[in-house]
């Protein structure tokens, strides 16, 4: 039997050679990247801050009246995509949930009912559970102001991780139709609109909230240097 | 009418922490359930409070060790597990244990899942019976259409069939689950609550939005509240509204509030 010294020695010598030839080059490359990234960080700072100010202005506008989104092309596209997505309609939802493709024609645009959206927060629950299983849950909450009355929208689940092999995510359509819609309908129950209008308003407001989530999730764009030599293997 | 508080009402903490909150809130009737973090102290905590006078029932995949063991009775089972579980329940004086109707993947046949479920319930009933434990099966609810699974016993006709197929097993009526039934009416409610008392194991109560089982708190608008005077006498109620992270005083207020509603 070959002794372990002779079995490994040649390989270890090659590793050592490689290390002494290339480690210094990699270290210097890393240093270069750090220095260059710091220079880029300094240079981008004013643009990042300006973006943050603009995002604050946008979220302030949503808190004041999110109907300012009704005329944006982004919402129109979102509605079109939503209508094309295969419906996961809950059993009574089919006839209830319908919205016009052009948000500028929505009932919401005609009424004097400001819709304030604010306090968007994401949550992580390491000890989540349903009736049968434990999970790690990700969710969000936000505040909805209808006219002058402010309400909290119940926690909307985004993702549940049951184990390494199994997780479930709530699609944006699912978030709107299965969670937000019911909550909004409940909040509208005491308002003085005919029942049919309340249903229509609930669908429109829920869709508006669904779209606003994309906006609340916006962060200032920053320069990111992604490189991993491992990816090349 | 005894009012039990489910451990699922106070999840995310250890069994000992949840039982301490309940004990300090003056609660002496507890249903073991999912909710607390599984840990090695769970069984000892249950035993310590039992010795002080806590009385337990148990529900489905309740937490009793460092590892949680979820199960679906529409699939073949490890019966050694259920024998150990029933031995444990008997050792802590539990005489009532209830399980969920099984669930099945929508791509498989309901009738096959139902057949397996009924066979399992027959066997589980025998396991429980030999240890002096009454077994109950809980009414379930329709899942959302985007869910990949469906629950057995999520409608009145299947539940009626089940009562015929397994007459020796009791029923747990979950009023929050019935709120999600497609054919929910007060007449139906009275029909199920009008089962012979010996057929009912317990009644689970909480509220939801009629779509999903979110275990919200019972309010003046809760659909079955007007029928509460018709609830069968002597059948324990189990409160399952989520009270996670709330202080002892609020847990006590909520328990006392519901107790007052049910005892009036």
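Residue numbers (our numbering), protein chains in the order written: chain Z, 1 to 233; chain G, 1001 to 1264. Positions of the beta carbon are idealized from the N, C-alpha and C atoms, including for glycine.
N-terminal and C-terminal residue of the alpha helix (DSSP H) that residue i is part of
{"i": "residue 1004 of chain G", "result": "Run containing residue 1004 of chain G: none in the alpha helix (DSSP H); it sits in the beta strand (DSSP E), 1003 to 1006."}
{"i": "residue 183 of chain Z", "result": "181 to 187"}
{"i": "residue 1019 of chain G", "result": "1015 to 1024"}
{"i": "residue 1147 of chain G", "result": "Segment: none, residue 1147 of chain G is in no alpha helix (DSSP H) and carries neither H nor E."}
{"i": "residue 1195 of chain G", "result": "That residue, residue 1195 of chain G, is in no alpha helix (DSSP H); it is neither H nor E in DSSP."}
{"i": "residue 1157 of chain G", "result": "1156 to 1165"}
Interface residues of chain G facing residue i [CB-CB closer than 9 Å]
{"i": "residue 227 of chain Z", "result": "By Cβ distance, chain G contributes nothing, its closest Cβ being about 39 Å from residue 227 of chain Z, past 9 Å."}
Cα-Cα separation between residue i and residue j, rounded to whole angstroms
{"i": "residue 1210 of chain G", "j": "residue 1186 of chain G", "result": "14 Å"}
{"i": "residue 28 of chain Z", "j": "residue 46 of chain Z", "result": "29 Å"}
{"i": "residue 21 of chain Z", "j": "residue 225 of chain Z", "result": "25 Å"}
{"i": "residue 1199 of chain G", "j": "residue 1177 of chain G", "result": "18 Å"}
{"i": "residue 222 of chain Z", "j": "residue 199 of chain Z", "result": "42 Å"}
{"i": "residue 70 of chain Z", "j": "residue 1174 of chain G", "result": "43 Å"}
{"i": "residue 1072 of chain G", "j": "residue 1138 of chain G", "result": "13 Å"}
{"i": "residue 1253 of chain G", "j": "residue 41 of chain Z", "result": "54 Å"}
{"i": "residue 52 of chain Z", "j": "residue 1189 of chain G", "result": "55 Å"}
{"i": "residue 1110 of chain G", "j": "residue 192 of chain Z", "result": "45 Å"}
{"i": "residue 1239 of chain G", "j": "residue 112 of chain Z", "result": "42 Å"}
{"i": "residue 1153 of chain G", "j": "residue 1146 of chain G", "result": "19 Å"}
{"i": "residue 1135 of chain G", "j": "residue 1099 of chain G", "result": "8 Å"}
{"i": "residue 1057 of chain G", "j": "residue 1028 of chain G", "result": "11 Å"}
{"i": "residue 1107 of chain G", "j": "residue 1183 of chain G", "result": "24 Å"}
{"i": "residue 120 of chain Z", "j": "residue 153 of chain Z", "result": "10 Å"}
{"i": "residue 1247 of chain G", "j": "residue 1195 of chain G", "result": "37 Å"}
{"i": "residue 24 of chain Z", "j": "residue 30 of chain Z", "result": "10 Å"}
{"i": "residue 1050 of chain G", "j": "residue 167 of chain Z", "result": "37 Å"}
{"i": "residue 48 of chain Z", "j": "residue 1060 of chain G", "result": "53 Å"}
{"i": "residue 1235 of chain G", "j": "residue 1218 of chain G", "result": "19 Å"}
{"i": "residue 88 of chain Z", "j": "residue 1142 of chain G", "result": "Because residue 88 of chain Z sits at a pLDDT of 48, beneath the cut-off of 50, its placement in the model cannot be relied upon, and the point is left open."}
{"i": "residue 1006 of chain G", "j": "residue 77 of chain Z", "result": "46 Å"}
{"i": "residue 1237 of chain G", "j": "residue 1055 of chain G", "result": "14 Å"}
{"i": "residue 268 of chain Z", "j": "residue 1160 of chain G", "result": "Since the displayed chain Z opens at 1 and closes at 233, residue 268 of chain Z lies outside it and no answer follows."}
{"i": "residue 1010 of chain G", "j": "residue 204 of chain Z", "result": "36 Å"}
{"i": "residue 1104 of chain G", "j": "residue 1026 of chain G", "result": "40 Å"}
{"i": "residue 90 of chain Z", "j": "residue 176 of chain Z", "result": "Residue placement at residue 90 of chain Z is flagged as unreliable, the pLDDT there being 39, under the threshold of 50; the coordinate-derived value follows with that caveat. Each residue's alpha carbon lies about 12 Å from the other."}
Bounding residues of the beta strand (DSSP E) (the contiguous stretch that carries residue i)
{"i": "residue 160 of chain Z", "result": "149 to 163"}
{"i": "residue 145 of chain Z", "result": "134 to 146"}
{"i": "residue 942 of chain G", "result": "This structure cannot settle anything about residue 942 of chain G, because the visible part of chain G is limited to 1001 through 1264."}
{"i": "residue 1174 of chain G", "result": "1170 to 1174"}
{"i": "residue 211 of chain Z", "result": "Segment 195 to 216 is the alpha helix (DSSP H) holding residue 211 of chain Z; no beta strand (DSSP E) there."}
{"i": "residue 171 of chain Z", "result": "Looking at the DSSP string, residue 171 of chain Z is not in any beta strand (DSSP E), and its letter there is neither H nor E."}
{"i": "residue 1031 of chain G", "result": "1029 to 1032"}
Chain-ordered neighbours of residue i on chain Z, where CB pairs are closer than 7 Å
{"i": "residue 1070 of chain G", "result": "132, 133"}
{"i": "residue 1012 of chain G", "result": "127"}
{"i": "residue 1245 of chain G", "result": "The contacting residues do not exist; residue 1245 of chain G stays about 11 Å from chain Z at best."}
{"i": "residue 1037 of chain G", "result": "127"}
{"i": "residue 1061 of chain G", "result": "132"}
Listed by chain order, chain G residues near residue i by CB distance under 8 Å
{"i": "residue 178 of chain Z", "result": "1144, 1146, 1211, 1212"}
{"i": "residue 186 of chain Z", "result": "1209"}
Listed by chain order, chain Z residues near residue i by CB distance under 9 Å
{"i": "residue 1100 of chain G", "result": "131, 132"}
{"i": "residue 1034 of chain G", "result": "129, 130, 131, 132, 133, 134"}
{"i": "residue 1122 of chain G", "result": "Near residue 1122 of chain G there are no residues of chain Z at all, since even the closest Cβ is about 21 Å away, more than 9 Å."}
Partner residues on chain G for residue i, Cβ-Cβ distance less than 7 Å
{"i": "residue 182 of chain Z", "result": "1209, 1211"}
{"i": "residue 174 of chain Z", "result": "1146"}
Near the ligand SAH: residue i beta-carbon under 6 Å from a heavy atom
{"i": "residue 125 of chain Z", "result": "By its list of ligands, the structure shown contains no ligand whatsoever, and the ligand SAH lies outside what it can speak to."}
In chain order, which continuous runs of the alpha helix (DSSP H) of length 4 or greater are located wholly inside the region 1042 to 1129 of chain G?
1042 to 1052, 1079 to 1091, 1110 to 1129
Completely contained beta strand (DSSP E) runs for the region 1205 to 1260 of chain G, where each covers 3 or more residues:
1237 to 1239
Cβ contact check for the region 186 to 206 of chain Z and the region 1094 to 1102 of chain G: 3 or more pairs under 8 Å
no
Pair every Cβ in the region 1224 to 1231 of chain G with every Cβ in the region 1249 to 1264 of chain G, then say whether three or more of these pairs are closer than 8 Å.
yes
Please list the segments of the beta strand (DSSP E) lying wholly inside the region 46 to 134 of chain Z, counting only runs of 3 or more residues, in order along the chain.
115 to 129
Examine the Cβ distances between the region 1013 to 1027 of chain G and the region 1045 to 1055 of chain G and report whether three or more of them are shorter than 8 Å.
yes
Counting pairs of beta carbons, one from the region 208 to 219 of chain Z and one from the region 1200 to 1219 of chain G, are three or more of them closer than 8 Å?
no
Is it the case that the region 1056 to 1070 of chain G contacts the region 1111 to 1122 of chain G, given that we only count it when at least three CB pairs across the two stretches are under 8 Å?
no
Is it the case that the region 103 to 117 of chain Z contacts the region 57 to 68 of chain Z, given that we only count it when at least three CB pairs across the two stretches are under 8 Å?
yes
Could you check whether the region 7 to 17 of chain Z touches the region 200 to 211 of chain Z, counting it as contact only if at least three pairs of C-beta atoms, one from each stretch, sit closer than 8 Å?
no
Tell me, please, whether the region 128 to 141 of chain Z touches the region 160 to 180 of chain Z by the rule of three or more beta-carbon pairs shorter than 8 Å.
yes
contact_flag[the region 1115 to 1130 of chain G, the region 1082 to 1091 of chain G] where n(CB pairs < 8 Å) is 3 or more:
yes
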